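Here the UniProt record's numbering is used: position 99 in the sequence shown is 99, and no number is missing along the way.
A virtual CB, placed ideally from N, CA and C, is assigned to each residue, including glycine.
Predicted model, so just to flag it, every value in this text is computed and none were measured.
Taking it in order: structure first as structure tokens, then the write-up.
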Amino acid sequence: MNPKISVIIAARNEEKNIEKCLRNIPEYKNLEVIVVDDSSNDKTYEIAKNFKADYDLKIFRNETPKGNAYSWDHGVKKSSGELIFLLSADAELNSFDDAIKHFDDPKVVQVHQKVKIIGEENNFISKFMPIYQRYANYIPFIKKGIRKETELKNVNVCDSHALMRKSFYLEVNPLVDKACGEEYRFNDVGGKILDNKGYKVVYESKFIEIRRQPRDMKSFLIQQRWYGRNMLVAYSLFDKRNIPKFFRYALIVFLILALSYFFTKNYLLFVLTIFSCILLLARLFSGIPSLKKKEIVYLPFIFWIIILGDLAYNYGFLQSFLNKIFAGKWLINK
């Protein structure tokens with residue numbers, strides 16, 4: 001089996017990563033590479049163009065920043081592969097060989113890979129980030145998305161970072177609201193299609209993706225702002241799948257309510273302030289079970305990083321919110 005694979009890379013201001021990403025695309029004789037530059041204001045686009053001689057490479061550029069969901073979707077529509085892989089510019093793949101064999105089964109629509117997270121630089125921030133990510137994302141009482149039982153492992157349906165049939169993507173994606181939070185909707189809609197049509201999603205441990213952590217505090221805060229800007233509303237505000245995000249908003253809500261109560265002395269605002277404080281404490285302490293004993297000493301630093309990260313996340317959220325209301329495209333580039 002030798003199906004054509006289209007690797008579609010979404011990139012915005014990735015001049016430090018795009019070259020390494022392109023140089024580490026796995027060798028495969030029937031390969032197409034597509035880069036969609038999301039209106040970068042650095043040299044991402046120019047660096048990518050230098051690789052046209054190395055690959056069957058197509059490069060597209062968004063006139064204004066539109067986010068990864070739009071960029072990937074645009075790349076898929078321009079692709080010619082039977083299989084697609086939606087990749088971020090700060091990630092690398094090892095080989096497609098072990099993943100492709102699963103598509104001999106016509107019911108298999110996605111093959112998921114093993115993910116290895118590495119620090120980009122040999123410094124404390126890079127080494128600390130895996131601990132932070134494990135802590136900050138530990139929400140034991142929330143079941144995220146729809147999961148499909150396979151003969152290999154329980155894995156999630158997802159829109160990116162998996163080798164999938166282009167036909168499956170095109171079947172699911174028109175039903176997905178791509179404005180923001182697209183991975184949650186793709187997970188939801190895709191899971192239902194799996195159940196209805198008997199498709200399979202499998203996991204291949206020899207298929208490996210390497211993802212890089214932020215190299216310094218500035219990179220981390222930019223990343224968190226980007227997350228907030230692209231995760232405005234995945235569902236209606238009070239949908240249960242939005243609950244994890246409430247904890248990310250707890251800090252900014254607490255600050256607003258506390259200041260409002262300070263100036264008004266309103267009893268209702270006081271009650272709401274206490275409630276938001278409880279949410280904030282839940283955000284700060286809920287990840288403790290994820291820590292190993294020797295990692296407990298990092299708690300003060302984890303709290304500090306969560307607070308800074310959530311402030312950046314909320315700033316990105318407000319950018320996106322105001323941009324939607326006032327159509328102020330200038331906000332996105334700030």
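Counted within 10 angstroms of its Cβ, other Cβ atoms place residue i as buried (16 or more) or exposed
i	result
S320	buried
M164	buried
W304	exposed
Y267	exposed
S219	buried
L322	exposed
residue 335	With the chain running from 1 to 334 in the structure shown, residue 335 is simply not present.
G198	exposed
M1	exposed
Check whether residue i and residue j have beta carbons under 9 Å apart
i	j	result
E32	V7	yes
L280	F263	no
V11	S80	Looking at the sequence itself, residue 11 is Ala, so the reference to Val does not match. No, these two residues do not count as a Cβ contact at 9 Å.
R212	I118	yes
A258	R283	no
K116	I210	yes
N123	R23	no
I5	A48	no
Reference residue i, options the options, closest by Cα
i	options	result
D97	I25, F60, S167	I25
G316	S40, L251, Q224, V297	Q224
N62	K43, L268, S39, G75	S39
G67	F103, V36, F51	V36
D42	P65, E209, E14	E14
Y55	I34, T64, S71	I34
A162	A99, R134, F124	A99
residue 335	F270, I9, P130	What the structure shows of the chain is the stretch from 1 to 334, and residue 335 is not part of that stretch, so it cannot be assessed.
S167	V76, L318, D105, L308	V76
N314	L272, P300, W226	W226
K101	F285, E204, F60, K192	E204
I306	V297, F285, L318	F285
Whole-Å CB distance - residue i paired with residue j, under 8 Å assumed
i	j	result
F207	Q110	No, F207 and Q110 are not in contact; Cβ-Cβ is about 11 Å, not under 8 Å.
F103	P3	7 Å
A91	L221	Going by Cβ atoms, the distance from A91 to L221 rounds to 20 Å, so no, they are not a contact pair.
F270	Y261	5 Å
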